[in-house]
Amino acid sequence: MRSSLTSGPATPNTLAPSSARPRLAPCQSAVMDAPAPAAAGAPALADIPLASVINTSGMVLPDVPEGAHGAVYAVYDEKQKLQYVGTTTDLRNALRAALGRRPEKTHYYKAAYLTTGETPALQAVRDAWFSECGGQPNGNRLAIERTMWQQPVDAGAISERGRKGAAEEKARQLQATLKDRGCKEEFTPNASLLLEGQVEFLPARNLTDEEMAAEREAEADRMRGRRSCSCLVDGQERTFHTSYLLKHPTAGGHLMDLSVLFDGRETQHRIIVGREYYQPFGLTPEAACEAAIALLLRAKVARATEGMLTSSQFPVNYFALGQVEQWFGEEFRDEFERLSGGVQLEDGTANSWRFNRIHDYGAMRNETPEQLSAALGNTDSRQVAAAVAAALSENLAEAAAAARRDQGLEPEELEEELPRGKGILDRFF
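Numbering (the working numbering), first residue to last: 11 to 439.
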């Protein structure tokens, strides 16, 4: 069975309040009575709150009000840019289909619910949204984009024999992407379409009232005790949630283990917080941690890392607040001021580690001003090379002369050879 995203719009008439029962998703959608095919009563797209396609439980589970038989929905990408507007009588599976086909462009949605599933009513609302936006988004306007939103994914096999293998590999890639996004639902590919070189995930069954109630209760438990925090991403104010698993006092401050829930994905972090980031200002260590997390989310730093890190990767799983300041400087101090209600941190980068040579070790204790300048990096590479070569030549000559003297030989009687043994190493280390 193919799940399709209908591109037709919808039009509701009278705006009715949505159901008062507890909501699993944060979307407050409009519910409308069955309208005549006119958009006079359609809710403005701008007036409907944005909701995450994957909720905080890792599910695609919009809270459809009772009595709704159709919906018009708009899909947004990670930067909250409108990508596609569709109509459906099964919003959950319409969003699942969009997520399975275009995971890179399906992050948020808005929805208006109607008491009818008739196409003219749905299309009237969709057309009203197009007018509000000044035209159709690319997902509706461009033929190639529209096909990608409304049809199964073509795996791109170049031969008939390779269709199934290419489709299976594409399905694995899509499933891995959804898992990385924090989705915990099963996405099972349609086996018959795999044979044709296409990937389409099977629709999910509708949950019973008891299952929906259990999901709501699990969601409430999951959010209980979490702190709501603000961050700015792409100029938009967003909310993330934190919970603290460990708060351990140390000699210089606190060591904090915390969980961060953002965009339906939960990650774990260990942060060392120096008391200079909270004690002088009457703040808590939690507030300082949340300023750091807000900055990392704004900078779109990878929220989890594995294996050996390169010098360009921030150690997001285990870091000190001082590292955030060293990496981001003024940006971090601005974010700290915003979230703390005006606290201005002094520039702490003066306390950062530096590797300057302050003591004299080894054979270079008699270096000339030119050699010292080269060693400290105050000249170009050719001068550095010349200084090093001069130092090595001088030390080798001294070692050779010492060897001649030890053997009681005149300089011309000793066969030239490189000095060996412990002495020459001691000259350099």
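Just so it is clear, CB atoms sit at the ideal spot from N, CA and C, and this is done for glycine as well.
Pairwise C-alpha distance: residue j and residue i
i    : j    : result
I282 : T294 : 13 Å
L424 : A399 : Its pLDDT being 47, under 50, L424 is placed unreliably by the model, and the measurement read from it follows with that caveat. Rounded to whole angstroms, L424 to A399 spans 24 Å at the Cα level.
V326 : E128 : 50 Å
C239 : A108 : 29 Å
V243 : R102 : 27 Å
Y254 : E296 : 8 Å
L71  : G144 : 30 Å
E347 : Q354 : 5 Å
P45  : V135 : Bear in mind that a pLDDT of 39 at P45, under 50, signals an unreliable position, so the number given afterwards is only what the model happens to contain. Cα to Cα, P45 sits roughly 10 Å from V135.
K120 : L55  : 8 Å
T320 : N65  : 32 Å
E345 : T126 : 47 Å
E229 : D219 : 15 Å
E196 : E286 : 46 Å
D87  : P113 : 9 Å
G274 : C241 : 15 Å
T277 : A312 : 10 Å
V443 : A309 : There is no way to answer for residue 443, as the model of the chain reaches only from 11 to 439.
G245 : L349 : 15 Å
D43  : E227 : Only weak support exists for where D43 lies, its pLDDT of 44 falling under 50; the value from the coordinates is given anyway. Going from the Cα of D43 to the Cα of E227 covers about 30 Å.
Q289 : I58  : 42 Å
V270 : S141 : 38 Å
D190 : R248 : 20 Å
A81  : W159 : 17 Å
L217 : M69  : 12 Å
R414 : L402 : 19 Å
Q336 : A301 : 15 Å
A396 : K180 : 57 Å
M318 : K194 : 27 Å
Q161 : E221 : 30 Å
E356 : L256 : 28 Å
Rounded distance between the beta-carbons of residue j and residue i, thought under 8 Å
i    : j    : result
F272 : F250 : 4 Å
L268 : H279 : 6 Å
S67  : E225 : 7 Å
L60  : Y118 : 5 Å
P213 : R111 : With 8 Å as the limit, P213 and R111 do not qualify as a contact, their Cβ atoms being about 13 Å apart.
V209 : L188 : Incorrect: roughly 12 Å between the Cβ atoms, too far for contact.
A52  : A138 : 4 Å
R237 : T252 : 5 Å
Contact set for residue i: own chain, Cβ-Cβ below 6 Å, skip 5 residues either direction
i    : result
E155 : N148, G149
V85  : Q93, Y94, A108, T116, Y119
R173 : A167, G207
L205 : K174
T157 : none
Segment limits, alpha helix (DSSP H) that includes residue i
i    : result
I303 : 295-308
D137 : 129-142
M158 : 153-160
T187 : 173-190
R232 : 219-233
A201 : 201-205
R102 : 101-111
S350 : 340-350
Contact set for residue i: own chain, Cβ-Cβ below 8 Å, skip 5 residues either direction
i    : result
G284 : G262, G263, A330, L331, G332
A78  : V41, Y123, L124, T125
W323 : With the sequence shown as reference, residue 323 is identified as Gln, and Trp is not the correct amino acid for it. Once the five neighbours on either side are set aside, the close Cβ partners of Q323 are A312, T315.
L151 : Leu is not the amino acid found at residue 151; the sequence shown has Arg there. Hits under 8 Å: G145.
CB contact below 7 Å: residue i versus chain D
i    : result
R171 : Here chain D cannot be found, since the structure has a single protein chain.
Chain-order list of residues whose beta-carbon lies under 7 Å from that of residue i (same chain, five-residue window excluded)
i    : result
A176 : A165, G166, A167, G207
A104 : L15, Y83, G96, T98
E170 : none
R232 : T66, S67
C299 : M266, L268, I281, V283
E178 : L204
Any non-hydrogen atom of the ligand FMN closer than 6 Å to residue i Cβ
i    : result
G292 : With respect to the ligand FMN, the structure offers nothing, as it holds no ligand at all.
Boundaries of the beta strand (DSSP E) in which residue i is found, first to last residue
i    : result
Q93  : 92-98
F250 : 246-259
G284 : 275-284
K120 : 118-124
M266 : 263-272
C193 : Careful: C193 lies outside any beta strand (DSSP E) and carries neither H nor E.
G80  : 80-86
L242 : 237-243
F329 : 328-330
Query raised in the report: Pairing CB atoms from the segment 85-93 with CB atoms from the segment 200-209, are three or more of them under 8 Å?
Result: no
Report task. Could you tell me whether the segment 333-350 touches the segment 305-316, where touching means 3 or more Cβ pairs closer than 8 Å? Result -> yes
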